[in-house]
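Residue numbers for the sequence shown follow the numbering used here, so the first one is 211 and each next one is one higher. Each residue gets a CB set at the ideal place from its N, CA and C atoms; glycine is no exception.
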Amino acid sequence: MSSAHPLKRVLIDLSILVVGITVSLTLEGWQEDRTIRNRLYDDYSAIQLNLKADIAQLESVIAEQEASLNNLKGLIDLFENPEGRGLADTELPWVSSGNTFFGTSTAYDVSVSSGRFNYFGPTSLHSLLGAVYGHHYPRLDLNGELLDELYGFHTDRTKRLALGYSADVSGNNRDSLSYIELGIELVKSERMHSAYVRRAHAALAEMLRAETHLSQALNY
């Protein structure tokens, strides 16, 4: 009986030690999680600031692009109107490529690279932000660059064709080469503009959803 007592005491002490270590590790892990979570909320605030500024910028870009697109459609209508043929160079400055969108992903990139963004696993908010910054932003950047580059080419070509068409002796001939080429260039420009505006609206919708989810997460 006397030999069993020390063994029992050792087992009790060992159990206390294990429990103490477990509690210590649990508290340490909890404190680490709390620290990371607090810093993640700071990341959310920074991302939200970037996103709000980008939303305002994109709304302005869309308004400008839609105005330019409407002018372009008016120019096409004028071109197609039998009574409005013979476009002058002075009518072409109605349309320009306008400003395109270049968003800021600095706060998001910092959070992802630090490991905090994905520390607690995937969430619907993170999926939304991933779609905004990983899909819509690069797509708008690329399409904006293409619009700037291609639109400059098409606009210069359209102006040359319009001048040639206006000076054409057979300007009333809708089968003339200059008339047909001019119509093609106008339609190409309209399609480029329309595609950019559609993609900008799609991106804006996702950005607004993400911003709403960020507000909910920060106010939780």
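Looking from the CA of Glu290, the closest CA among Ala273, Gln267, Gly344 and Gly393 belongs to Gly393.
Sixteen is the threshold: since fewer than 16 other Cβ atoms of the shown chains lie within 10 Å of the Cβ of Asp358, the residue is exposed. Annotation: Tyr329 to Ala427 spans about 16 Å, alpha carbon to alpha carbon.
Counting the other Cβ atoms within 10 Å of the Cβ of Glu395 gives 16 or more, which makes it buried. For Val322, the enclosing alpha helix (DSSP H) stretches over residues Thr316 to Ser324.
For Phe289, the three-state secondary structure derived from DSSP is helix.
Between Ala413 and Leu268, the C-beta gap is smaller than 8 Å, which places the two residues in contact. Collapsing the DSSP output to three states places Gly354 in a helix. In this structure Arg401 is not in contact with Leu350, their Cβ atoms being roughly 17 Å apart against a cut-off of 8 Å. Nearest C-alpha to Val397 among Lys283, Gly331 and Phe312: Lys283.
In the DSSP assignment, His336 falls within the unbroken alpha helix (DSSP H) covering Ser334 to Ala341.
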